[in-house]
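Protein chains in written order, with the numbering used here: chain W, 1 to 91; chain S, 92 to 182; chain V, 183 to 273; chain G, 274 to 364.
Note that the Cβ used here is the ideal one computed from N, Cα and C, for glycine as well.
Since the model is a prediction, treat every value here as computed from it, not as a measurement.
This report concerns only the one structure given below.
There are 4 protein chains.
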Amino acid sequence: MPHTPQEKKRVLTRVRRIKGQAEALERALEAGVDCAAVLQQIAAIRGAVNGLMSEVMEAHIREEFGQAAGSQAQRAARVREMTGLVRSYLK
Amino acid sequence: MPHTPQEKKRVLTRVRRIKGQAEALERALEAGVDCAAVLQQIAAIRGAVNGLMSEVMEAHIREEFGQAAGSQAQRAARVREMTGLVRSYLK
Amino acid sequence: MPHTPQEKKRVLTRVRRIKGQAEALERALEAGVDCAAVLQQIAAIRGAVNGLMSEVMEAHIREEFGQAAGSQAQRAARVREMTGLVRSYLK
Amino acid sequence: MPHTPQEKKRVLTRVRRIKGQAEALERALEAGVDCAAVLQQIAAIRGAVNGLMSEVMEAHIREEFGQAAGSQAQRAARVREMTGLVRSYLK
């Protein structure tokens with residue numbers, strides 16, 4: 001999960017970009033750049049992590065609800081799982 | 092929306108609590124309480140607003156996906172709407 | 183706290199706006215507006231609460247560090263208090 | 274910045290941990306772990322990024338306000354810079 005090849009690729013691209021941002025931040029800290037620049041890089045990473053979380057959540061919604069459930073019980077289980085994820089991660 | 096009477100009541104209770112917290116904060120500021128106490132009250136309001144957003148989002152998921160869609164087009168429209176909401180508000 | 187009359191007025195104006203936003207949201211919920219509109223109003227409240235927290239923190243920084251400390255011990259105490267507030271509320 | 278060797282080491286340790294978390298997430302996605310586990314890892318990274326931002330901001334406060342300013346103008350400039358950083362990144 002995520003399930004389609006395009007979604008998986010998109011999510012992996014985001015994760016690798018975050019890794020690259022962390023590496024750039026490591027180099028900046030070793031080079032002793034000033035505090036404002038460091039905070040700006042950290043804020044950019046924070047934005048990227050939020051974008052990644054949204055992307056994964058969206059992919060999961062498409063996966064879970066893009067096809068009809070096989071039964072009312074399965075539908076209810078999917079809804080329970082999804083509301084639990086929203087409760088845990090929407091903040 | 093939210094749709095069931097219980098959900099509506101629960102959401103309204105949360106909104107009224109936030110209103111009450113804002114009123115208490117107003118009184119505290121007028122009374123000149125110290126900064127740490129003010130920030131603690133603001134942080135409590137922030138937590139309450141996040142809880143409210145999650146509650147409304149969860150109610151919407153139950154409403155949209157708790158019943159089978161009438162058609163594949165309707166299902167796709169629901170999924171598009173829900174992923175758009177997650178993209179806008181998960182941050 | 184905040185200490186100057188202008189700062190106090192500015193903070194109180196923000197708190198009253200948040201109260202007004204909560205009241206408007208209460209009316210919207212009672213009127214049964216749709217979910218997207220409700221979430222948009224909640225997101226606006228969230229933004230207002232974050233702005234309020236920042237305003238109070240900024241006022242506190244001006245108050246604590248705008249005048250020279252009377253002693254190194256007092257300076258150290260102010261720094262400890264401020265870093266504690268950042269640790270608690272920057273998230 | 275941050276300035277003392279201990280602070281610099283602490284901040285770098287946090288950045289390297291985030292890089293490691295991103296690498297672990299990349300492997301998990303390639304291995305196809307389920308959505309709930311992916312979201313949990315992303316939430317952990319988000320927490321780590323917030324902790325890093327707080328750590329850097331705290332170090333900056335100690336640096337800027339731990340020593341007496343040389344003049345009232347310098348003190349005012351430091352206060353302006355710090356309130357600007359809080360306004361930009363406290364959210």
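Using the Cα positions of residue i and residue j, report the straight-line distance between them to the nearest angstrom.
i	j	result
residue 201 (chain V)	residue 295 (chain G)	40 Å
residue 68 (chain W)	residue 298 (chain G)	30 Å
residue 71 (chain W)	residue 312 (chain G)	26 Å
residue 289 (chain G)	residue 33 (chain W)	17 Å
residue 278 (chain G)	residue 46 (chain W)	25 Å
residue 351 (chain G)	residue 14 (chain W)	36 Å
residue 241 (chain V)	residue 333 (chain G)	18 Å
residue 126 (chain S)	residue 190 (chain V)	12 Å
residue 339 (chain G)	residue 348 (chain G)	12 Å
residue 173 (chain S)	residue 264 (chain V)	41 Å
residue 94 (chain S)	residue 283 (chain G)	50 Å
residue 131 (chain W)	residue 64 (chain W)	Nothing about residue 131 (chain W) can be read from this structure; chain W reaches only from 1 to 91.
residue 135 (chain S)	residue 44 (chain W)	26 Å
Report back the beta-carbon spacing between residue i and residue j to the nearest angstrom; my notes put them in contact at under 8 Å.
i	j	result
residue 272 (chain V)	residue 361 (chain G)	At roughly 11 Å, the Cβ-Cβ gap does not stay under 8 Å, so residue 272 (chain V) and residue 361 (chain G) are not in contact.
residue 148 (chain S)	residue 103 (chain S)	Contact flag wrong, Cβ pair sits at about 16 Å.
residue 133 (chain S)	residue 211 (chain V)	Not quite, the Cβ-Cβ distance comes to about 23 Å (not below 8 Å), so this is no contact.
Go ahead and label residue i buried or exposed: buried means 16 or more other beta carbons lie within 10 angstroms of its beta carbon, across all protein chains shown.
i	result
residue 73 (chain W)	exposed
residue 128 (chain S)	exposed
residue 80 (chain W)	exposed
residue 153 (chain S)	buried
residue 122 (chain S)	exposed
residue 27 (chain W)	exposed
residue 230 (chain V)	buried
Do residue i and the ligand GTP come close, with the Cβ less than 7 Å from some heavy atom?
i	result
residue 202 (chain V)	With respect to small molecules bound, the structure shown includes none, and the ligand GTP cannot be examined in it.
Could you please tell me which residues of the segment 52–66 of chain W, in chain order, have their CB closer than 9 Å to any CB of chain G? Going along the segment 52–66 of chain W in chain order, one finds 52, 53, 56, 57, 59, 60, 63, 64 with a Cβ nearer than 9 Å to chain G.
Looking at chain V, which residues of the segment 347–363 of chain G have a Cβ within less than 8 Å of any of its Cβ atoms? Those residues of the segment 347–363 of chain G that come within reach of chain V (Cβ to Cβ, closer than 8 Å) are 348, 349, 351, 352, 355, 356, 359, 360, 362, 363.
Return the residues of the segment 274–296 of chain G that lie within a Cβ-Cβ distance of less than 8 Å from chain W, sorted by chain order. From the segment 274–296 of chain G, only 274, 275, 281, 284, 285, 288, 289, 291, 292, 295, 296 have a Cβ closer than 8 Å to chain W.
May I have a chain-ordered list of the alpha helix (DSSP H) segments no shorter than 4 residues that lie completely inside the segment 286–356 of chain G? With a minimum length of 4 residues, the continuous alpha helix (DSSP H) runs that stay inside the segment 286–356 of chain G are 308–338.
For the segment 216–228 of chain V, which residues have a CB atom closer than 9 Å to at least one CB atom of chain S, in sequence order? Listed by position, the residues of the segment 216–228 of chain V near chain S (Cβ gap below 9 Å) are 216, 217, 218, 219, 220, 221, 222, 224, 225, 227, 228.
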